[in-house]
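Below is one structure; the comments refer to it alone.
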Amino acid sequence: MALVSLTGVSLSHGGPKLLDAVGLQIEDGERIGLLGRNASGKSTLMAVLAGELEAEGGVVARRQGVRIARLPQEVPRGMSGTVAATVAADLPAGEEAWRTRERLTRLYEGLRLDPEADVAALSAGVSRRVLLARALASAPDLLLLDEPTNHLDVESIQWLETHLLERRGATLFVTHDRAFLRRLATRILELDRGELTSWPGDWANYVRRREERDEDEARRHERADRRLAKEEVWVRKGLKAQRNRNQSRVEQLERLRSERRERRDRTGSVRFSITEAERSGRLVFEARALTAGHGRTPVVRGVDL
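In case it helps, the working numbering puts the sequence shown at residues 57 to 361.
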């Protein structure tokens, strides 16, 4: 049985449907890249998979006993306690203590975290690394990562890639980092206007097959438009008596018009132009004791980055 499956799942939040009768199965061991434009519903889909949001329609089935961990895009308010306590909050039960210590040590080192630091005093970026460490530490069957490379330096991203390649279980992730996507994804999901399309294979296979699909769709639309134009000429020139005798042709014209109005053109290729280049590892920007603000009111003071 799949770890999680969706059948005819819909969700709208009272507006246009973010999920429109979508179907999905996630199997053990998969690494799935989820693509879609901003506000297309990617985070919503993850929340439904995690059980944090209830679908308005359809069926969500999870394998009995499945463990799911999610890294959200936003840091929740009110986090408190030490880094160590936060990371250890969702540790699997029954694990030998030495294994737990070993795994946590690797996480602290890989994500450059001080286990004794006070979470409440951390920046949003470091707090998000803490949440990433907590999700990884829980050793879930299904790991849901929303922009996991945000606020990570090159070395930490490379460490995370290796960790995800070696870990057991399934991973579904959203990212704008093409190098990360290329290295990890074994399947691509594309969410566009509520419709979810699954593309087996890696990023290169997705790009090739998506281009073939878009070209085929463009040809079909072009043929339909030519046919519609021809029928529009006929109905304008035809006598009323002829139109009455050819009622089926008039009905066909109405269907063509309706299909043209309801056509859902693709929103275009999902592009990654910002991260087109490979990571260089070179320092791009550095600041020490930075203070900035509006007039005499400081917004940040003494920042090192």
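For glycine and all other residues, C-beta sits at the position ideal for the given N, C-alpha and C.
Just the C-alpha distance for residue i and residue j, rounded to the nearest angstrom, thanks.
{"i": "residue 48", "j": "residue 230", "result": "Past the boundaries of the shown model lies residue 48; the chain is included only from 57 to 361, so the question cannot be answered."}
{"i": "residue 205", "j": "residue 307", "result": "54 Å"}
{"i": "residue 257", "j": "residue 83", "result": "14 Å"}
{"i": "residue 347", "j": "residue 182", "result": "19 Å"}
{"i": "residue 80", "j": "residue 243", "result": "12 Å"}
{"i": "residue 74", "j": "residue 153", "result": "43 Å"}
{"i": "residue 241", "j": "residue 215", "result": "16 Å"}
{"i": "residue 151", "j": "residue 193", "result": "12 Å"}
{"i": "residue 190", "j": "residue 157", "result": "13 Å"}
{"i": "residue 263", "j": "residue 220", "result": "23 Å"}
{"i": "residue 57", "j": "residue 85", "result": "13 Å"}
{"i": "residue 107", "j": "residue 212", "result": "29 Å"}
{"i": "residue 125", "j": "residue 196", "result": "6 Å"}
{"i": "residue 87", "j": "residue 227", "result": "5 Å"}
{"i": "residue 208", "j": "residue 255", "result": "28 Å"}
{"i": "residue 72", "j": "residue 95", "result": "11 Å"}
{"i": "residue 238", "j": "residue 136", "result": "36 Å"}
{"i": "residue 78", "j": "residue 163", "result": "35 Å"}
{"i": "residue 248", "j": "residue 109", "result": "20 Å"}
{"i": "residue 222", "j": "residue 159", "result": "13 Å"}
{"i": "residue 187", "j": "residue 155", "result": "20 Å"}
{"i": "residue 133", "j": "residue 317", "result": "45 Å"}
{"i": "residue 218", "j": "residue 236", "result": "10 Å"}
{"i": "residue 66", "j": "residue 253", "result": "15 Å"}
{"i": "residue 62", "j": "residue 70", "result": "21 Å"}
{"i": "residue 129", "j": "residue 64", "result": "26 Å"}
{"i": "residue 184", "j": "residue 127", "result": "8 Å"}
For residue i, which of helix, strand or coil comes out of DSSP?
{"i": "residue 252", "result": "strand"}
{"i": "residue 245", "result": "strand"}
{"i": "residue 150", "result": "coil"}
{"i": "residue 142", "result": "helix"}
{"i": "residue 218", "result": "helix"}
{"i": "residue 131", "result": "coil"}
{"i": "residue 284", "result": "helix"}
{"i": "residue 57", "result": "coil"}
{"i": "residue 343", "result": "coil"}
{"i": "residue 188", "result": "helix"}
{"i": "residue 179", "result": "coil"}
{"i": "residue 98", "result": "helix"}
{"i": "residue 233", "result": "coil"}
{"i": "residue 73", "result": "coil"}
{"i": "residue 261", "result": "helix"}
{"i": "residue 156", "result": "helix"}
{"i": "residue 168", "result": "coil"}
{"i": "residue 277", "result": "helix"}
{"i": "residue 209", "result": "coil"}
{"i": "residue 108", "result": "coil"}
{"i": "residue 203", "result": "coil"}
Residues bridged to residue i by DSSP?
{"i": "residue 226", "result": "198"}
{"i": "residue 124", "result": "198"}
{"i": "residue 85", "result": "DSSP, once it has assigned bridges, lists no residue as partnering residue 85."}
{"i": "residue 63", "result": "115"}
{"i": "residue 91", "result": "246"}
{"i": "residue 78", "result": "65"}
{"i": "residue 174", "result": "138"}
Can you tell me whether residue i is buried or exposed, with buried defined as 16 or more other CB within 10 angstroms of its CB?
{"i": "residue 99", "result": "buried"}
{"i": "residue 148", "result": "exposed"}
{"i": "residue 361", "result": "exposed"}
{"i": "residue 289", "result": "exposed"}
{"i": "residue 202", "result": "buried"}
{"i": "residue 225", "result": "buried"}
{"i": "residue 210", "result": "exposed"}
{"i": "residue 343", "result": "exposed"}
{"i": "residue 121", "result": "exposed"}
{"i": "residue 180", "result": "exposed"}
{"i": "residue 166", "result": "buried"}
{"i": "residue 177", "result": "exposed"}
{"i": "residue 97", "result": "buried"}
{"i": "residue 145", "result": "exposed"}
{"i": "residue 292", "result": "exposed"}
{"i": "residue 118", "result": "buried"}
Do we get a CB-CB distance below 8 Å when we pair residue i with the residues of chain B?
{"i": "residue 234", "result": "Any reference to chain B falls outside this structure, which holds one protein chain only."}
The stretch 106-115 / the stretch 263-270 touching (three or more Cβ pairs under 8 Å): no
Any 3 or more C-beta pairs closer than 8 Å across the stretch 275-282 and the stretch 309-317: yes
The stretch 134-148 contacting the stretch 156-175, beta-carbon criterion three pairs below 8 Å: yes
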